[in-house]
Amino acid sequence: MKLFDCFATKGFHTSIVTTFNVDLNAYESIALARLREAGCNNNIVIADDRMLGFALAPGETRPRHAGRRYSIVGAPASGVFHPKLILQLGRAGGRLLVASANMTAAGLAGNLEVVGEVRAEDDAFQALPLMRAALAYVASYVADAAMPRKQIEWAMRRTPWIHEQSDGAVIDLEEGGRLAFLSSAGTVGIGKQFAELVGRRKVTRLVVASPYWDPDLGALRELRDRLGAKSVALLLQSKNALFPVHALGKKESIRLFNVDKVDGTKASRFAHAKVFIAETSAADCVLYGSANCTEAALGEGAARGENAEACLYRELPPGEAVQILGLESALDGELSVADVPKFQSSEEIPLKDLERHLPGRFELSEQTLRWWPPKGANVAEARIELTDSDDKPVAGALTRVSASGSPARYRFEGHEAPHFATVRWQGFESSPGVVIVEEAIRQAQRKSPTRSVDDALSQLNNTDASEGLWLLDIMHKLAVAEQEARPDEEKKPVRRRGQTEKCEKPAGRVLSYEEFIEGRSSETTEADTPGSLLGASHQESVREFINALIGKKKPLLQTIDEADEIPGLSMGDETASAEEALEEDERFNAQQQRTLTDTDSGKKDLEERSKYKAMRDTRQSIVKAVRSRQMTFQQDAAERPLGVIDLLRLRVLLVVVLGAGCRKADPLPTGSDASGRMQGVLPISGDESWRRLVGNLLFDFFRNHGGGRKPLISKVVLDIDGDDGLPIDVLECWATCYWAICATRVATNDRGDSIPPLTGGKDIAEDLYRYTQLLPSELLGNTVRSTFEGMSARYAERLGVSVARLEEEHLSLVETVIEKDLA
Numbered sequence: 001m002k003l004f005d006c007f008a009t010k011g012f013h014t015s016i017v018t019t020f021n022v023d024l025n026a027y028e029s030i031a032l033a034r035l036r037e038a039g040c041n042n043n044i045v046i047a048d049d050r051m052l053g054f055a056l057a058p059g060e061t062r063p064r065h066a067g068r069r070y071s072i073v074g075a076p077a078s079g080v081f082h083p084k085l086i087l088q089l090g091r092a093g094g095r096l097l098v099a100s101a102n103m104t105a106a107g108l109a110g111n112l113e114v115v116g117e118v119r120a121e122d123d124a125f126q127a128l129p130l131m132r133a134a135l136a137y138v139a140s141y142v143a144d145a146a147m148p149r150k151q152i153e154w155a156m157r158r159t160p161w162i163h164e165q166s167d168g169a170v171i172d173l174e175e176g177g178r179l180a181f182l183s184s185a186g187t188v189g190i191g192k193q194f195a196e197l198v199g200r201r202k203v204t205r206l207v208v209a210s211p212y213w214d215p216d217l218g219a220l221r222e223l224r225d226r227l228g229a230k231s232v233a234l235l236l237q238s239k240n241a242l243f244p245v246h247a248l249g250k251k252e253s254i255r256l257f258n259v260d261k262v263d264g265t266k267a268s269r270f271a272h273a274k275v276f277i278a279e280t281s282a283a284d285c286v287l288y289g290s291a292n293c294t295e296a297a298l299g300e301g302a303a304r305g306e307n308a309e310a311c312l313y314r315e316l317p318p319g320e321a322v323q324i325l326g327l328e329s330a331l332d333g334e335l336s337v338a339d340v341p342k343f344q345s346s347e348e349i350p351l352k353d354l355e356r357h358l359p360g361r362f363e364l365s366e367q368t369l370r371w372w373p374p375k376g377a378n379v380a381e382a383r384i385e386l387t388d389s390d391d392k393p394v395a396g397a398l399t400r401v402s403a404s405g406s407p408a409r410y411r412f413e414g415h416e417a418p419h420f421a422t423v424r425w426q427g428f429e430s431s432p433g434v435v436i437v438e439e440a441i442r443q444a445q446r447k448s449p450t451r452s453v454d455d456a457l458s459q460l461n462n463t464d465a466s467e468g469l470w471l472l473d474i475m476h477k478l479a480v481a482e483q484e485a486r487p488d489e490e491k492k493p494v495r496r497r498g499q500t501e502k503c504e505k506p507a508g509r510v511l512s513y514e515e516f517i518e519g520r521s522s523e524t525t526e527a528d529t530p531g532s533l534l535g536a537s538h539q540e541s542v543r544e545f546i547n548a549l550i551g552k553k554k555p556l557l558q559t560i561d562e563a564d565e566i567p568g569l570s571m572g573d574e575t576a577s578a579e580e581a582l583e584e585d586e587r588f589n590a591q592q593q594r595t596l597t598d599t600d601s602g603k604k605d606l607e608e609r610s611k612y613k614a615m616r617d618t619r620q621s622i623v624k625a626v627r628s629r630q631m632t633f634q635q636d637a638a639e640r641p642l643g644v645i646d647l648l649r650l651r652v653l654l655v656v657v658l659g660a661g662c663r664k665a666d667p668l669p670t671g672s673d674a675s676g677r678m679q680g681v682l683p684i685s686g687d688e689s690w691r692r693l694v695g696n697l698l699f700d701f702f703r704n705h706g707g708g709r710k711p712l713i714s715k716v717v718l719d720i721d722g723d724d725g726l727p728i729d730v731l732e733c734w735a736t737c738y739w740a741i742c743a744t745r746v747a748t749n750d751r752g753d754s755i756p757p758l759t760g761g762k763d764i765a766e767d768l769y770r771y772t773q774l775l776p777s778e779l780l781g782n783t784v785r786s787t788f789e790g791m792s793a794r795y796a797e798r799l800g801v802s803v804a805r806l807e808e809e810h811l812s813l814v815e816t817v818i819e820k821d822l823a
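Under full-length UniProt numbering, read the sequence shown as residues 1 to 823, first letter to last.
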């Protein structure tokens, strides 16, 4: 197997890679490019935290996509974080690769490495316990509430088979023998675990390949004695002088062999593979993966080693292990001890110094920068410096908004999202840390847009477009296109032989809105507000369009090379998609054929892009759409929970109604006056007024009807990832509802007269504030305030709304709800 080829396999939505040494540029150019081309868009790299600092040190080439197209996690360990795993998850199956290779160019393509593959797919889910054990192991190094944790939970919800109950990490194979995932997660060392699996079988020979050894061969001797091996064969690369030949006893039955003679290898390749074969008359018991033949890796006595390690254990028929691994030639000719050079310790990596300069973790969500400081950090005096991918300062003010606690929170006022952060205080300067940008990760999780998605999104990019019913049409098109873009195996439930009903609850939480509110801390501040739950869907573009309409701050810009997709790795002589090529007339010399119609098609494109600009909703079409959607909301709520996309539809309808409203009692229903100028079509009073339509929408969602019909908010669920505050897209929807209901209560007509209140309007308003159950810090916080400011600027004057009176009404409702809660 060429390890780098595995990343091009399709059928997976998520990859998690663990490594000791890391070259992020090699990962991006070799692994990430293939992963994304294969449709795997949810990617995480976990590396030793000190080696990550080493990879980002000054003078090293900085990665371009870290924290944007994939998350990077620095993992601590008492020794070193050393597992080399590639875990890939898809809806219909998964794959686990356990290797000796680091995520470096040498590890992927240069060294002599060993890798084992375990699959769970179709009807072959026998390896499920190993997949679950590996996932639990890697997830244990990801902090709660961190963005990579949210990515894992996102993956779990899209991997239904992973939730089935399974015990242990050892399975009996149908073809005979056992397979197991061994790690340093427990209290027992990997060496002892290996010996326990071998059991009482008599070991005739122990074969070991390892690039590194204890100076006194302590781990080797303990393993030999534990297994009772009659003889030991060591495969080593003597020219590297990494084997402590001086530690060999004169009477020990340890024989040395040249690993350069392994079939298919070259002497120029560094032998980095780690393999242990206990040969018995019943089976070959093989251990391979990240563990060197050292006490730090295998453990000492019953205790685990100080390193974090992961290996596979596999039983094969007698004699097969040497044959499969191509070791026959190497084991034919013994090395003379005299030919092995004297041991020379390899160059030490300054791990302690690297650890002293760790920066901690950084995540940016909207405009909130969170910093999880390292142990011993002087948080009070710390100064965080933000830089771009070229290590140039990023313009913007950084203001701390939390007085204490971890993470420390800052408000970032800038236009470009930073790539890296460095921490300084007197006498200290950290190594750079990657800033994980939540919105960019969510965007990366989205599937590549199809043509129909591109067509829909192009309408949202029209700077002259305004709110209208066309937004609901765009939402529908995006929903249909995203459904059609899913692979066939994702559109049908996964069924497999012997499937039971016993399943664990998926990771992450799908909570009713009420459950979420009850479970969150009263200490939550607006700085805890996570990013949009719509982020991994193209529906997020609709949210961004609405925010742009009301002048809310746009998402932080990405640099040009970030916005462009990583180019494919094809040779340029094949067609990526035959179906699309046929649709686009991709024939020989088709460009000449196209030029005859380019002008006409260009005009059509302009007409299509301008369609929604020219479209004007009539009073009748808006009233009909609102009433239809009210019925659809009720029908949907009877059949399924309502989610954040339904809340986005509610928000769209509200801004459509407000955008079409005016302060006249009887405007022209088509929106045009005698001179052809456009104006509002919804009157300020009457059954078809904008005030009545707003009230109708909010009545269904929030009014306690009594009896058997609950408000629709009781059917809202949040597919939530962590224990942070209310997601910002939900908070924006509630803010839109607040502004709209307050506007109905303070609006005046074109003569400046107050309008009789809506029947039941006060009850609707109080129920709205009561059922959303926001904390005072949220009700009066920046998200609600900025939404109010934007909506007031766009709608207040045309609707006859006094901004001052509207804000007073909001504060009055806030106080009323707080007083009732206290009572």
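For every residue, glycine included, the Cβ atom is placed at its ideal position computed from N, Cα and C.
In this text the structure is predicted, and so the values were computed from the model without any measurement.
Whole-angstrom Cβ separation of residue i and residue j, contact assumed at under 8 angstroms?
i	j	result
residue 89	residue 14	4 angstroms
residue 335	residue 256	4 angstroms
residue 174	residue 126	7 angstroms
residue 363	residue 370	5 angstroms
residue 530	residue 365	6 angstroms
residue 731	residue 807	18 angstroms between Cβ atoms; not a contact.
Residues in its own chain within less than 7 angstroms of residue i by CB, not counting five upstream and five downstream?
i	result
residue 493	Unreliable placement is indicated for residue 493, whose pLDDT of 46 sits below 50; the coordinate value is still reported in the next sentence. Excluding residues within five positions, none has a Cβ falling inside 7 angstroms.
residue 816	766
residue 158	13, 91
residue 28	63, 64, 65
residue 445	41, 42, 154, 536
Is DSSP giving residue i helix, strand or coil here?
i	result
residue 6	helix
residue 632	helix
residue 95	strand
residue 18	strand
residue 122	coil
residue 824	Residue 824 cannot be examined here, being either before or after the span of the chain that is shown, 1 to 823.
residue 733	helix
residue 86	strand
residue 846	For the chain, the structure presents residues 1 to 823; residue 846 sits outside this window and is missing.
residue 649	helix
residue 592	Residue confidence for residue 592 is low, a pLDDT of 36 falling below 50, so the modelled location carries little weight; the figure read from the coordinates is stated next. Helix, per DSSP.
CB-CB under 6 angstroms to residue i, same chain, minus the five flanking residues each way: which ones, in chain order?
i	result
residue 220	293
residue 263	326, 329
residue 54	354
residue 868	No answer is possible for residue 868: the residues shown for the chain start at 1 and end at 823.
residue 208	234, 276, 293
residue 545	460
State the beta-bridge partners of residue i as determined by DSSP.
i	result
residue 231	205
residue 412	398
residue 293	213
residue 284	279, 316
residue 258	236
residue 48	75
residue 748	754
residue 43	15
residue 393	387
residue 475	Residue 475 is not bridged to any residue.
Go through its chain and collect everything with a Cβ distance to residue i's Cβ below 8 angstroms, but skip five positions before and after it.
i	result
residue 642	633, 636, 712, 715, 716, 717
residue 190	182, 183, 184, 287, 291, 297, 298, 299, 304, 305, 309, 311
residue 695	741, 744, 758, 760, 761, 764
residue 337	245, 248, 256
Practice item. Enumerate, from N- to C-terminal direction, the unbroken beta strand (DSSP E) stretches of 3 or more residues contained entirely within the segment 132–183. Key: 170–172, 178–183
Exercise for review: Quick one: which unbroken beta strand (DSSP E) runs of 3-plus residues sit fully inside the segment 411–465? Chain order, please.
Suggested key: Within the segment 411–465, the complete beta strand (DSSP E) runs of at least 3 residues are 420–425, 433–437.
Review point. What alpha helix (DSSP H) runs, 4 residues minimum, are completely inside the segment 348–383?
Key: 351–356
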